[in-house]
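The block underneath contains the structure these notes are about, expressed in structure tokens.
Number of protein chains: 2
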Amino acid sequence: MKNNVKITRIKRSMTQEQLARKVGVTRQTIGLIEKGEYNPTLLLCISIAKALDKTLDELFWEVEDE
Amino acid sequence: MKNNVKITRIKRSMTQEQLARKVGVTRQTIGLIEKGEYNPTLLLCISIAKALDKTLDELFWEVEDE
DNA sequence: TACATATGCAATTTATATATTACATTCATT
DNA sequence: AATGAATGTAATATATAAATTGCATATGTA
Numbered sequence: 000m001k002n003n004v005k006i007t008r009i010k011r012s013m014t015q016e017q018l019a020r021k022v023g024v025t026r027q028t029i030g031l032i033e034k035g036e037y038n039p040t041l042l043l044c045i046s047i048a049k050a051l052d053k054t055l056d057e058l059f060w061e062v063e064d065e
Numbered sequence: 000m001k002n003n004v005k006i007t008r009i010k011r012s013m014t015q016e017q018l019a020r021k022v023g024v025t026r027q028t029i030g031l032i033e034k035g036e037y038n039p040t041l042l043l044c045i046s047i048a049k050a051l052d053k054t055l056d057e058l059f060w061e062v063e064d065e
């Protein structure tokens, strides 16, 4: 479950902590999602996408394998 | 959490049961997701999208409110 | 009418996403 | 080298996605 969260967050000059707070989850949750060994819920994916000004597809669609 | 699963499934002439089987979940899970009062995981959303030949955005992105 | 198919829905159980707490590591800066 | 900020990671607890079972309802059709 690879995704583009980490690279996009860094481009936005945000820390995991900042993204987590904006999205309303803990830093650890963001870290695990970025690591790709996690299966977040749809609402969380949508929140992350909006926080990073991206769409679901841009962050989570056919990033690799799957 | 509205989405376009139901309308797309019907266009494809599939039953909830058929979609559920193709995706590997139960009919009830599909029913609840279509009803929109459910928060499926990303992997399930991706499976549903592929089963219906759509992308995440087409099924789950800014369908309404949010 | 009677029967089959598709769907809605509710209760309970199970699996897992997420929170919480805590500590280790990396890296930049002083 | 020492300090602090950012991140990795692990154990346990809690919330909730999803499974399971079962029954009700609607609708088409023989």
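One line per chain: the protein sequences are A and B, in this order.
Under numbering that gives the first Met the number 0, think of the first position of the first sequence as 0, with each following residue one higher.
Under numbering that gives the first Met the number 0, think of the first position of the second sequence as 0, with each following residue one higher.
Beta carbons: idealized from backbone N, C-alpha and C, even for Gly.
{"query": "Under 8 Å between C-beta atoms of A/L55 and A/N2", "result": "no"}
{"query": "Helix, strand or coil at A/T87 according to DSSP, with G and I counted as helix", "result": "A query on residue 87 of chain A cannot be resolved here, the shown segment of chain A reaching from 0 to 65 and no further."}
{"query": "Chain-order list of residues whose beta-carbon lies under 7 Å from that of A/A48 (same chain, five-residue window excluded)", "result": "T54, L55, L58"}
{"query": "For B/Q27 and A/P39, the rounded distance between their alpha carbons", "result": "21 Å"}
{"query": "Buried versus exposed call for B/R8 [16 or more other C-beta atoms within 10 Å across all chains shown]", "result": "buried"}
{"query": "Proximal residues, the region 38-53 of chain B versus chain A, C-beta separation under 7 Å", "result": "N38, P39, T40, L41, L42, C44, I45"}
{"query": "Element boundaries [alpha helix (DSSP H), containing A/G30]", "result": "26-34"}
{"query": "Proximal chain A residues relative to B/L55, where beta-carbon distance stays under 7 Å", "result": "L55, D56, F59, W60"}
{"query": "Beta bridge counterpart(s) of B/T40 as assigned by DSSP", "result": "A/T40"}
{"query": "Minimum Cβ-Cβ distance from A/M0 to chain B less than 8 Å", "result": "yes"}
{"query": "C-alpha gap between A/C44 and A/E16, whole angstroms", "result": "16 Å"}
{"query": "8 Å Cβ cutoff met for A/M0 and B/L42", "result": "yes"}
{"query": "Neighbour-count burial assignment, A/E68, 16 or more Cβ in a 10 Å radius", "result": "The requested residue 68 of chain A does not occur in the structure, where chain A is confined to residues 0 to 65."}
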